[in-house]
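Visitor: Protein chains in written order, with the working numbering: chain A, 448 to 1215; chain B, 448 to 1215. Mind looking over this structure? Questions follow.
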C-alpha cells in the first residue's frame, strides 16, 4: 500500500530481543525499591458464606507486621474489574460488584483481609495467624445447577444467578424443523475451567507520589483502564492515580482485568503512603485472579440430505464463577460465532452467563471463541459423519461464503480465504493421503487426522469504543521516540509499531525508539492490549501521527531549502528532492537545525488520536494428526498445522511466534488442562503447576504455522487480528482426529485419559 | 494581565513541599538499583604534566574489581562540557577540549583513570592501588602570571593561555581623560575561587537500555543538553542517549555543565551495559567539578567635580582554570555590566579569560555579575567618597536612567526602578539615620552601613538560543499533566509552572500535575535551568500551550453543547457560558465524554514550542549594616536587606526563599569563602566543608527580602529573572559598610580576618 514500504513485511529482529534474553528488560519486581512494604492477602477458606469476625490479635504481635486491614475496614465503593474502556452510558458500564475486601465470601479464595509487613516472612506468618470466623452457606459449582430454583443465590440482584442472557432468533426454528426428511444432529459439548498460566504472576506496587497522588506499577495489559478502576475503587479523582506498566511476562487476558491494583493502592494509603508491594503466588494466580469460562453448549442441527443447514438450536451455559468481571460478553461473543461461521436461516440461540461459587472467569485468549469453536467444529464433523460427506467438503460447501457481510459488525469476507487456508493446511499436513490411509483402522494404536476452522474479530468496534492515540518526538539525530497506549505484553507490539512508523515516516527501522513503558501521566491514551487489537488499532494512530510529523518535517525542509514541500520526501532518513532524487540533507541535520536555529527554533513532535470505526474478520484453520493408544486412553498429537489469514504480516517471524504460542495453548486446552474443584468444599484441587497439566514443549510436536496474506482493505497496513486466533481451532481439530481414529467423538475437554477412559468404555472400545 | 488570574501572584504551597520534608522525593541515588556497579575516578596528583604509565596490576587483584579504564583506553573524541544549547554555527560552539580521561594532566585532580567495581569498598581500594607515573611540568595558578611570555602553556592552541579576549570601546578614552580638572579614581578588585556547595554532590548512573541505547540518570540542571554532550563524547548519535533528571539537591550552575555523565555512560558500555553508578565525594566536588571564576579587575574612572563620569578604563582577568567549560562568557558578561550600570561616553574595556592549572571554572549563580558588581560597586563608593557625595545620591544621579535601552539585548529600563528599590531599602534598614549615626566613629568596635546595586539579564537571548517547549495532557477528571524541559532544581519551578498553567487554562491549581522528572525521551525539548530563565522562558511556552489546549477544550465544549465557542470559557474547572455565567459541565465531564465518546473520541492534549526573542533587565540592591571588631579583624553583618524588581511575583513566598538563598551565598562570598591552592604543588588545600568556610544560617542575621513589582512588559506573566540576582550585590554592600565603619576599602574578597588584618595594618588601624 505504502510506496515507502521497507521494513513492514520483513522479519526484523524484535526491538527487545537482546534485552529479554540477557535479562536486561526490567519487570515490575525489578523496579521495586528495596524498602518496599510487603502485602499479602488472607483468602477465604469457604466457598460461600459470610465473615463474622476477623481476629488479627495474634497476627499483629508478629514482629514486622505494620498493619492489618480487614473486610470491615475498607470503603464500600463497589467497582467493576473488567478491562474495558469506560462507557459514559450507565447501561453499558461493566458490573460493579467488587469491594477491595469482602465480608460476603462467594468463592474459596475470596479476599477477606490483607496484611502489610516489613518483609515477606512477617507477612506470610501474619496471614497464617489471622483467624477468620465464617457463617457458611451452601454453594454451587455448576452453571446449570446454579440456574435452578432453590440454588444458593450468590448475588442479590441476580435471580437464578443469571448474570446475562442473550438470544439469537432468525427465521422460525420451530416451524422449519417440521420439514419432512430432515436429518437431526445433536450434541452437548463442554469446555473446562482453565487458567492463563502466564510466566510472570500478577504483581504490583503502589506508593504515594510527591504531590499526594498514587503511582501504581503493575503487570497489566491495560494501564489506562486500570487507572480509572483504581480511582473508582478508592473513590478519588482518576487524575490522582498514575499507572505504570513496565515489561510484563505475559497476560493472555488475565491481566486485562483490574486484579489487585486497587487493593494495593489502598493499602499504600493505609501505610502512610509508603511503597507497598503485592506479589501474587502461583497458587493465588490460579484461584484468585481470573480463569477461562467453562462453557457447556447444546447444539441441534437440522439438515437436508444435501447438507443444507435448515435450522439450528444453540444453548450455551457459561460458568462465570463468583463475580461478574468480563461476564456475559464472552459467551455472547461465542453465541454469535455460530450463525456467521455457518449461516442458517432458522436459528434459536440462547446464551446464559451464570454465577457459581467457583473462581472468577474473565478474559482469556480467544474470549469465548475457543469454547464456541470446540462445540461448533466438533458438531460440524459429527454432521459430516452423519451425512457421510468429507468434513473438508462439508466446510467448503457451507462455511461463510465470499462476500458475506455481518449486519452488526459490518465485517466482510472479502476473499475466498477459507478455501485458501484449508488448501494450504491440506498440503502442509498431507491430509488427503493420510485421511484415506487412516480409514477403517483396527487395533489398539490408531491414527487419525482432523481439522477445524474459526473466524475471529479484530478489536471490539462496534460493541465498544476503539480509539488509539500516538505521539512521536523527533530527536536531533533524526531518530524518533514513539509512544502509544497499546501495550507490549510479550507479543512483539513494540517491534511492529517501529516497523510501521519507520515506513510511513521514511526513516530506518533502527531510528524508531518505541517507548515500551506505558505511563498514564505521559503516554497518550490507549486502552491497552486485548481483543487482538494492537496492530490493527495502533496502526491507524501510528500512521496518522507519522503522516502529521512527516508533514511538519517537510514543511520545515521547505523552510530550510526553499524547495516546495510537494517535491520533497523523506527516504531512508534523508530529505530527498523527488524531481531528481537529490539528497538535500539528512533528517538529523534538519532536526538539529530546526531545534537550534536562532531564526526559527521548533521541537518537531506530533500527537493525535484516531477513533476506529471498523472491524475485520480474521480466518484460519487447524489440521491435527493424532495417535490414540486406546488401552492407555492416551492421545498424542503427531503433527499440527495452523493456517491463518490475518491480512498482511507486518513481521512474519513474530506472527509465526504468535501462532506457535496460541497452538501450544490450544493443545493444552484440548488435551490436558483443567482446574479442578472439590465438590464437597469448593476448594480448588490442583492450583499449582505440578498438578495442573499445562501443555509444554515436551507435550507437542513441531508447531507448523502457515499464512494466507490477503491485504485487509479496512486496515491502514493491511493487517488484522492474530493474537488470539491461533488458540481457537486446535482443540476441535484434535477431537476430530480422534474421531477419525476411533470413531468416537469426545465432547468434553480436555481429552485427558480420564475422559477417554469413560468415553471409550461407553463406546465399547475398552471394558471397565 | 490575565483576567483569569487566580493563583498567579499567590504564595501557594510548593507542589513538592510535603514530599521534600518527608523524604518522599526521590533523588538519583534513591532511584539507583541495588545491583549497581560502582565507579570511582583516579585523579591526578600533579598540577601540570603528562601521564607516562598507569599500572593497574595491583588494583586489578582486589576482589570485586570489574574493570579499570585508563586515559590510554578512552576514545579521542574531544567534547565541550558547557551547558549551552548547541549552536549549528561552529564559530559559536563551546570549546571542545575535554576527553573522558586524559594523559595530559592540567590540574591537580584531573581525571586519569576510572575503576569499576562491585561495591564501594573495592572501588575505593582499587583507586588507591592504581599507580600513576607522571612527567611533571611547571605550573601556574594566577591568571596574569599565566598570560606572561614563558609561562607554562596549558593548551597548545592558546598562546599566553588566553582563552578569550573581549574589548569594549566607546568614544575616545585616551582623548577624554585629557580634559582638565578631572578627578581620577583607580582601584584593583579581586574575587576568589569559590565553589557552589549544593547539598547533593554530583551523582549519576548509566545503563544500557533494552534496545542498546544508553540511559543516564543524573543530578543535572540540563538534561537535554547533557544528552547531546554524552552523544558527542561517546561518538554516538544523540538519539541513542536518554537523560533522566529526577529531583536534585541544588546546582547553582555547577550542574549546568556535563560533569561525569559522559564518563559514566562510557564506563557502562565497558561493563557490558550493566548499570554503573558514579557518586562524587565532596572533596572531588570542590576540585574536579566546577568553581566560580576568580576575577581580578582594574578600574580607572575620570569624573568631573559634579560627578559626571567622563571616561572609564576596565581591565578584567578571569581565572579559567584548566579547561574551557563556560569559559569566556562569564567575564564577557561581567565586562558588559559596567557601561550599562553607569553609562559613560568614553570607555576602554578589556576582559581576558586565562587558562591556569587550577580547578576548572564554570557557571555559578550570577555568571560573572557578582564579580563585576564587587568591583563596580566598591569602586562607586570609592568615587562617592572621593567626590564627597553620598553613595546613594551618586547612584541616584548616575545609574542607568529610565528609558535606557541596551543596543545589543534591546533591554529597556522601563521604570524608575533603581530609585524605587533604593527607597525601599533605605526605609527597611533605616539607612539615613544609621548612616549619619555611624559617621566619624572611633574605637575598636565600629559600625557602618553600606549598599550596592546591580542589574541582571533574564535568560540568554540574543547571545544564544532561547526556546521552550511544553506539553499538556488532559486527564479524565479535568486535571492535567504539565511537561516542560526547564528543570526544577530546588527553586520551586514546578510550583510556579502549575500556577501559570492553572490560571491560563482556568482550572484549580491542584488540578495541575507538573511532571518534575525530565526525561529526554519524553519531555518536550527545553534547555534546562540556568541564566535565571525558567519562569520567564517557560512562561511563554506554558501560556501558549495552555491557550492551545484551552481552545481545543472549548472546541470540544462547542461540539458537546452546541453553544458557540466564543461564548464559552473555562472558569475554575467548569465550562461556563459567558452570556449568563451558567456552568454547563465540569471539565472532568467534558474530558471523560471526549475520550470515551462512541461518536467522537479524542484525547485532548497540546504541545508547542515557543522561541523567545526578548530579554529583560532585572534590578535590585543590597543594604548591609556591619559591625567591625578591628583588633579581632572580624566583620559581622548585623542587618541585611535585598530589594528586587523581578517583575510580577508569581509566588511571593518562593521568590522570598530565592532571595534568602542568594543573600546567604552573597554573604559567604563576601566574608568567608575561598578555595585555596598550595602555591608549591597546586594542590587544593581546603576542599572540604570543615576547612572551607561556607556561610551558614549561624553566620548571618535575618535575611530581609523586599520587592518592587513592576510588571515586565515583554513577559507573558510579567515576570523576569530572580534566581541569580540576589547573590550579585551583597558582597560590595558589606565591603562598603566596612568602608564607612573603618574608612578602609578592602578590595579583595573574601573579607576574612586574614585580609582585614593585612589591610588594617596597611591603613595603620592596627599594628603587625
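Where is the CB? At the ideal position from N, CA and C, for every residue including glycine.
1. Going by beta carbon distance, what residues of the same chain come within less than 7 Å of residue 566/A, once the five residues before and after it are set aside?
2. Comparing C-alpha positions only, which one of 1147/B, 1136/B and 1129/B sits nearest to residue 1109/B?
3. How far does the beta strand (DSSP E) with residue 1086/A in it reach, from first residue to last?
4. Mind reading off the beta-carbon distance from residue 399/A to residue 493/A? Whole number of angstroms is fine, and I expect it under 8 Å.
5. Distance cutoff 8 Å, beta carbons only. Does residue 476/A sit that close to anything in chain B?
6. Which residues does DSSP pair with residue 616/A in a beta bridge?
7. What's the gap between the Cα of residue 875/B and the Cα of residue 1101/B?
8. Just tell me which of 679/B, 634/B, 674/B and 695/B has its CA closest to the CA of residue 646/B.
9. Decide yes or no for the touch test of the segment 1158-1167 of chain B against the segment 883-897 of chain B: beta carbon pairs closer than 8 Å, at least 3 of them.
10. Could you work out which residues of chain A lie near residue 928/B, taking near to mean beta carbons separated by less than 8 Å?
11. Taking 8 Å as the CB-CB cut-off, is residue 1058/B touching chain A?
12. List the residues of chain A whose Cβ lies closer than 8 Å to the Cβ of residue 1218/B, in chain order.
13. So, does the CB of residue 912/B fall closer than 8 Å to a CB anywhere in chain E?
14. According to the neighbour-count rule (16 or more other Cβ atoms, all chains shown, within 10 Å of its Cβ), is residue 840/A buried or exposed?
15. Relative to the C-alpha of residue 938/B, which candidate in 842/B, 843/B, 798/B and 1107/B has its C-alpha closest?
16. Just the C-alpha distance for residue 539/B and residue 889/B, rounded to the nearest angstrom, thanks.
17. Excluding the five sequence neighbours on either side, which residues of its own chain have a C-beta within less than 6 Å of the C-beta of residue 1199/B, listed in chain order?
18. Please list, in chain order, the residues of the segment 680-696 of chain A that have any C-beta partner in chain B closer than 7 Å.
19. Measure the CB-CB distance between residue 988/B and residue 1064/B and report whether it falls below 8 Å.
20. Have a look at residue 1123/B and residue 690/B and give me their C-alpha separation to the nearest angstrom.
21. Taking only the alpha-carbon atoms, compute the straight-line gap between residue 1184/B and residue 836/B and give it to the nearest angstrom.
22. I want to see whether chain A comes within less than 8 Å of residue 1182/B, judged by CB atoms only; does it?
23. Under 8 Å between beta-carbons, which chain B residues line up against residue 923/A? List them in chain order, please.
24. Have a look at the DSSP bridge pairing and note the partners of residue 770/A.
25. In angstroms, rounded to a whole number, what distance separates the CA positions of residue 895/A and residue 925/A?
26. Which term fits residue 1171/B, buried or exposed, when burial requires 16 or more other beta carbons within 10 angstroms of its beta carbon?
27. Leaving out the 5 sequence neighbours to the left and right, which residues in its chain are closer than 6 Å to residue 662/B when beta-carbon positions are compared?
28. Just tell me which of 687/A, 927/A, 1111/A and 983/A has its CA closest to the CA of residue 940/A.
29. For the ligand ADP, I want to know if residue 694/A counts as a neighbour, meaning its beta carbon is within less than 7 Å of at least one of the ligand's heavy atoms.
30. With a threshold of 7 Å on Cβ separation, who are the neighbours of residue 1105/B within its own chain once the five nearest residues in sequence on each side are excluded?
31. Check the Cβ-Cβ distances between residue 658/B and every residue of chain A, and say whether any is below 8 Å.
32. Note down, in chain order, each residue of its chain lying with its Cβ closer than 6 Å to the Cβ of residue 678/A, except the 5 sequence neighbours on either side.
33. Which complete beta strand (DSSP E) runs does the segment 927-963 of chain A hold, if anything under 3 residues is left out?
34. Taking only runs that begin and end inside the segment 1097-1140 of chain A, name each unbroken alpha helix (DSSP H) of 4 or more residues, in chain order.
35. Rounded to whole angstroms, what's the CA-CA distance from residue 456/B to residue 1139/B? Just pull it up for me.
36. So is residue 902/A buried or exposed if we call it buried at 16+ other beta carbons inside 10 Å?
Guide: According to the data block:
1. 485 and 511, listed in sequence order.
2. Comparing Cα-Cα distances from residue 1109/B to each of 1147/B, 1136/B and 1129/B, the minimum goes to 1147/B.
3. Taken as a continuous stretch (DSSP letters only), the beta strand (DSSP E) holding residue 1086/A covers 1081-1092.
4. Examination of residue 399/A is not possible in this model, given that chain A is present from 448 through 1215 alone.
5. For residue 476/A, the answer is no, since every Cβ of chain B falls outside 8 Å of its Cβ.
6. Residue 616/A has 795/A as its beta-bridge partners, per DSSP.
7. Taking the straight line joining both Cα atoms gives about 20 Å.
8. Considering only alpha carbons, the answer is 695/B.
9. Short answer: they don't touch.
10. Correct list: 968 and 969.
11. Yes, residue 1058/B lies at the interface with chain A (some Cβ there is under 8 Å from its Cβ).
12. Because chain B here runs from 448 to 1215, residue 1218/B falls outside it and cannot be looked at.
13. This model lacks chain E altogether, as its protein chains are A and B.
14. The residue is exposed, with fewer than 16 neighbouring Cβ atoms inside 10 Å.
15. The shortest C-alpha separation from residue 938/B is found at 1107/B.
16. Between residue 539/B and residue 889/B, the C-alpha separation is close to 55 Å.
17. Result list for residue 1199/B: 1119, in chain order.
18. The segment 680-696 of chain A vs chain B, Cβ under 7 Å: 684, 685 and 686.
19. Residue 988/B is not a Cβ neighbour of residue 1064/B, given a cutoff of 8 Å.
20. Going from the Cα of residue 1123/B to the Cα of residue 690/B covers about 34 Å.
21. A straight line joining the alpha-carbon of residue 1184/B with that of residue 836/B spans about 15 Å.
22. Residue 1182/B is outside the set of residues whose beta carbon lies under 8 Å from a beta carbon in chain A.
23. The contacting residues are 533, 675, 685 and 686.
24. When beta bridges are read from the DSSP output, residue 770/A appears opposite no residue.
25. Each residue's alpha carbon lies about 57 Å from the other.
26. It counts as buried.
27. In its chain, beyond the 5 residues on either side, 654, 656 and 689 have a beta carbon closer than 6 Å to the beta carbon of residue 662/B.
28. It is 983/A whose Cα lies nearest to the Cα of residue 940/A.
29. For the structure depicted, the ligand ADP is absent and the ligand set is empty, with no information on it obtainable.
30. Same-chain partners within the cutoff: 938, 1169, 1170 and 1173.
31. Interface with chain A (8 Å Cβ-Cβ cutoff): residue 658/B is included.
32. Within the same chain, 685 and 688 come within 6 Å of residue 678/A by CB-CB distance, once the 5 residues on both sides are set aside.
33. Fully enclosed beta strand (DSSP E) runs of 3 or longer: 927-931 and 959-961.
34. Every alpha helix (DSSP H) stretch that sits fully inside the segment 1097-1140 of chain A and reaches 4 residues is listed by chain position as 1099-1118.
35. One C-alpha to the other measures close to 39 Å.
36. The residue is buried, with at least 16 neighbouring Cβ atoms inside 10 Å.
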